[in-house]
Structures are given as C-alpha cells and as structure tokens.
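Undergrad: My questions all concern the structure below.
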Amino acid sequence: MRLNFIRRIVVDNAVNDANGKGRTRIYFELNCPVVIRRGFTPDSKKNDPQSYVRYRRWCTIFRGRNPYEFPHKLAIADSPVFGIEFDQLLSDSSIYVILSRLRVRTGISIEFASFEIADKLYFNDDCPYAYWTGEERNKNVNAATAVDDPTMSEFIKDTVRKEDVHGSRRVTDVVRARTFSLLYLIECLFSRGAVVKDQLLLDEAVWRTFLELLKLCYRDDREVITISKEVAFLRARYLVAFLRERGVGRK
C-alpha cells in the first residue's frame, strides 16, 4: 500500500464485540485496491548470489478468525478500504507511535470514529456476490446483470416497455437503446467495486428491492435516470444513504 494510495485514515480505538474487547482498528480508504505481495526465496536458491526474491501478488490473506476461514479474492482485489486490527495486547503508547508516524508520513488528518462491523467470511472459492445466480457468478464477474439472468430479464421487460415509446416509428431501436442505457447505469454503479456490491449483491431481497426502486424512478422520469449515468448515478456513499432512506433492505 503506497502512501499516495491513501485518501483517508479512520481509527476505531474502542472495538468491543463478541471477539474481544479493547481492540483497535485502522481503516485506510484508498484510491485503488491494496496490492499484497509475498516475497520469498526457495531453499535451493538461498546460497545462490544471483538469485532474487520473487514478489508474487496474493489476492487472499490466510486467515480469518479461525484457521478454516479465509476471504474471497474479491474482498481484497475489489475493495477500496483496507483495515488492520490490533488486539488488546498492543498498548496505547504503541498505537500512538503508529498513528503519529502515519500522520507525519502521509500528511493526512486522522479521524476517529466507531463502526459496527459485520464479519462476512467465506469458506470456499465461490464468488460471494449474487449467490442466486448459481455457478454463473463464478464465470461472470457481474452475473447479476447478465441479460439472460431471470431476475434481470424480468426487470428489463417490466421497465423498458414498447408502449412507452412515443413519436418514433423505430420502436425496437428505441427500446434497445434504452435497455443499453439502463444496463450501462447499473454497470457504472458496480464499477465502484465492493463499496456498492456489498450493499446490493449480498442479499437477493435487497437486490430485487433496488431493481424495483430503479424501475419506479425510471418510469417516473426517464431523463433524470439517463443523465445520472454520466456521474455513475450517485456517488457510492450517497447511494447507500439514498437506499436506506427508501427502506431498501429493511426487514
């Protein structure tokens, strides 16, 4: 993680949950996902002066809170937030030294806040997003938006309707263009990575509710939705608030 990758540093120095008390977490909001490399020299090459360390990129950190837990590679490769947790054995003075060095070296103000964290650890190599698409999620990174997906197909059919096309004889072309525009809007959202995907693609009910909301907005004012795609609809942080205000994902 290079210093110029860091946009924001947030510290939660009072983490108390089922996994322990008095822990400290440091969150780094990055301009791009963190790159983790493992450098090692094979035993057969240790005495060879011409050998060099091969720094290979790793997309998985072993392990979670237990030996059998490990995150899916998208947890690292698709997320702009990287967190480090220190247990209660690390003294406050040591944490102060760490934060002081971060402040001096990055020049970024350090914020303090408290967050509720939901552990989402995966025990296999299956993609965590859009589980309702079955094996397709492991073949297509955005399986939820595939035109042959039943949920997406139904959404497009109900949202972009021929009877809503007025003043044009080329109805099929207009429908095709509007369909592309709507799908492009959703792809813009997903291009923001885990910030959006964690909100929309971990629960099928939330995903369906979001599509229903999008359909209602599109029917109400198609031009606003179409223009919004130029700015990726809404910035991710506002998207989350936008959905919560409308009850998306509430039980």
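Numbered according to this note's numbering, the sequence shown terminates at residue 456, and the numbering increases by one at each position without gaps. C-beta atoms are modelled at their ideal positions from N, C-alpha and C, and glycine is treated no differently. Remember, it's a predicted structure, so these values are computed and weren't measured experimentally.
Buried or exposed for A385, please, with buried defined as at least 16 other CB atoms from any protein chain shown within 10 angstroms of its CB.
TA: In the sequence as displayed, the identity of residue 385 is Phe instead of Ala. Exposed, because fewer than 16 other Cβ atoms sit within 10 Å of the Cβ of F385.
Undergrad: Would V240 count as contacting chain D if we go by Cβ distances under 7 Å?
TA: In the displayed structure, chain D is absent; only one protein chain is listed.
Undergrad: Could you tell me which uninterrupted beta strand (DSSP E) segments, each at least 3 residues in length, are contained entirely in the region 277-339, listed from first to last along the chain?
TA: 286-291, 315-317
Undergrad: From the DSSP secondary-structure annotation, give me the bridge partner or partners of G398.
TA: Per DSSP, G398 has no beta-bridge partner at all.
Undergrad: By alpha-carbon positions, which one of R213, R228, I214 ends up nearest to V220?
TA: R228
Undergrad: Short of 6 Å in beta carbon distance, which residues of its chain neighbour I361, apart from the five on each side in sequence? Order them along the chain.
TA: Excluding positions up to five away in sequence, the list reads T384.
Undergrad: Mind checking R342: buried by the 16 CB within 10 Å criterion, or exposed?
TA: Counting of Cβ neighbours within 10 angstroms places R342 among the buried residues, the total reaching 16 or more.
Undergrad: If you draw a straight line from the C-alpha of F291 to the C-alpha of R230, how long is it?
TA: When the Cα atoms are used, F291 and R230 turn out to be separated by approximately 6 Å.
Undergrad: My assumption, with CB atoms under 8 Å, is that L304 sits in contact with V216. Please give the rounded CB distance.
TA: 7 Å
Undergrad: Would you call the CB atoms of F287 and F233 closer than 7 Å?
TA: Cβ distance < 7 Å, so F287 and F233 count as in contact.
Undergrad: Going along the chain, which unbroken runs of the beta strand (DSSP E) with 3 or more residues stay wholly within the region 340-413?
TA: none
Undergrad: In whole angstroms, what is the alpha-carbon distance linking D222 and Y336?
TA: One C-alpha to the other measures close to 28 Å.
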